[in-house]
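In the numbering used here, the protein residues as written are 81 to 165.
For each residue, glycine too, the CB sits at the ideal point set by N, CA and C.
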């Protein structure tokens, strides 16, 4: 997950609508079922999907009252904390 991408996507949600990201996730998840994709291509799709889900989670935290910077930092701490375990 990359914080600049999640920040950009969070701004996209604020400017437009979360539904665009949800639909994009559905398309990308569908693409992962293509049997001819290489492992590298699947990794790229997985990274994109993770960033999209991350932006949705950050946006949810903002809607619940967190400031954008606080929500981004909190989310990334949670992610890196789960990776370290």
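- Judged by DSSP in its simplified three-state form, residue 146 adopts coil rather than helix or strand.
- A distance below 8 angstroms separates the beta carbons of residue 148 and residue 90.
- Rounded to the nearest angstrom, the gap between the Cα atoms of residue 109 and residue 129 is 8 angstroms.
- The beta-carbon separation of residue 101 and residue 111, rounded to 15 angstroms, does not stay under the 8 angstroms limit for a contact.
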